[in-house]
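Visitor: In full-length UniProt numbering, the protein residues as written are 1 to 387.
Glycine included, every Cβ here is placed at the ideal spot set by N, Cα and C.
Remember, predicted model here, so these are calculated numbers, not experimental data.
1. Hey, how far is the Cα of residue 119 from the Cα of residue 156?
2. Using the beta-carbon count (16 or more within 10 Å), is residue 145 buried or exposed?
3. What are the start and end residues of the alpha helix (DSSP H) that includes residue 203?
4. Alpha carbon to alpha carbon, what distance is there between residue 87 and residue 134?
5. I'd like to check one pair, residue 198 with residue 245: are the Cβ atoms closer than 8 Å?
6. If you drop the 5 nearest sequence neighbours on each side, which residues of the same chain put their C-beta closer than 6 Å to that of residue 229?
7. Check whether the Cβ atoms of residue 76 and residue 364 lie closer than 8 Å to each other.
8. By the 10 Å Cβ neighbour count, where 16 or more other Cβ atoms means buried, how is residue 116 classified, buried or exposed?
9. Give me the Cα-Cα distance between residue 391 and residue 344, rounded to the nearest whole angstrom.
10. Which residues in the same chain have their Cβ closer than 6 Å to the Cβ of residue 391, if we skip the five residues on either side of it in sequence?
11. Restricting to Cα atoms, I'd like to know which of 83, 249, 289, 130 is closest to residue 265.
12. Between which two residues does the alpha helix (DSSP H) holding residue 162 run?
13. How is residue 279 classed by DSSP in three states: helix, strand or coil?
14. Going by alpha carbons, who is nearest to residue 216 out of 200, 147, 330, 148?
15. Here's the rule: buried if 16 or more other CB atoms are within 10 angstroms of the residue's CB, otherwise exposed. What is residue 369?
16. With the cut-off set at 8 Å, would you say residue 202 and residue 287 are in Cβ contact?
17. Curious, which full-length beta strand (DSSP E) runs of at least 3 residues does the region 186-267 contain?
In structure tokens form, the structure reads like this:
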């Protein structure tokens, strides 16, 4: 079953799971995937936690204890989520040690409501780093304009960062610049660069979803022929930018000091359009030094029928540029597409965070009422936190 995953890993793609829950930890399924499916990392986001904490049974004991102590909802939410992430870091520690700190990472995101506030993002990142207290943690910071200086400041403090919600090539270059600046400052601050990790999460399928919708509105045969072209082309050109930056002299000075490159991570890799192959965003984005974070369903799908055709990125730069040029020629405004996706991405995660808080609030209230009256029935799983 895992031969295809082994080939994918051997081709230079780190397989990460885009999911986490208390049930996954308690059951041992996360550790099983690490041991049997070449899975070497975990990413989370507010939507994932909203879904996870909707399973009231899995968190019942922890919520009851928090309610008994009178913990407020914001702090309770952080305690529940960081507990899961700390546990996951321990599960993934063998992969971290085996890769000498490159993989085995688990990500937790700063409060998405802070996406446009630099200083608060930095403060929260430092607090989460202290709270989880594991070397294989990544703090996720969105690649908004306010997020860029936060990325630099957090890396300068010696904290590993997963930069999330990257859609545009221009913003990706700004993210890499923020990374290099952060490591340069970290070096000046006396930090061991070999201990600092980073990935840049470049979102994929959402690009096709937005562009295809616009192509449908245009409606011409030329537009229809370009369905499903944008996302892969965009990501492939991002890898070209990665090669340019991490082949340069500025990076070489940091590499000589022991730094690891900031790997491109392909996020949002589940296929939204059923007309497309379910593993298209894995098969078409294979190249050395990349990460692909997938829902479990996509990992299993690739294990079942995914194809590894070698490097599917570096030989396709000219075609990728032509695809984006053709999209512009039929009326697709690239800048507007990526700005829309970033804005919506921040809004969706903020909404999921609000749903998460609401779900935890209901669970705390139910647990508190249960403590007051032991005859009350246990609270039922809430659907309010589900995406």
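Guide: On the basis of the coordinates in this document:
1. Rounded to the nearest angstrom, the gap between the Cα atoms of residue 119 and residue 156 is 14 Å.
2. Classification of residue 145: exposed, given that the 10 Å Cβ count is below 16.
3. Not the alpha helix (DSSP H): residue 203 falls in the beta strand (DSSP E), residues 198-203.
4. Roughly 10 Å separates the two Cα atoms.
5. Not a contact, by the Cβ cut-off of 8 Å.
6. So the list reads 323, once near-sequence residues are dropped.
7. Yes. Within cutoff.
8. Classification for residue 116: exposed.
9. It is not possible to answer for residue 391, since the shown part of the chain is limited to 1 through 387.
10. There is simply no residue 391 to check, as the chain begins at 1 and stops at 387 in what is shown.
11. Checking every option, the nearest Cα to that of residue 265 belongs to 289.
12. Residue 162 -> not in any alpha helix (DSSP H); beta strand (DSSP E) instead, spanning 161-166.
13. Three-state DSSP puts residue 279 in coil, outside helix and strand.
14. It is 330 whose Cα lies nearest to the Cα of residue 216.
15. Classification of residue 369: exposed, given that the 10 Å Cβ count is below 16.
16. Cβ atoms of residue 202 and residue 287: not closer than 8 Å.
17. Runs of the beta strand (DSSP E) lying entirely within the region 186-267, each at least 3 residues long, are 198-203, 263-267 in chain order.
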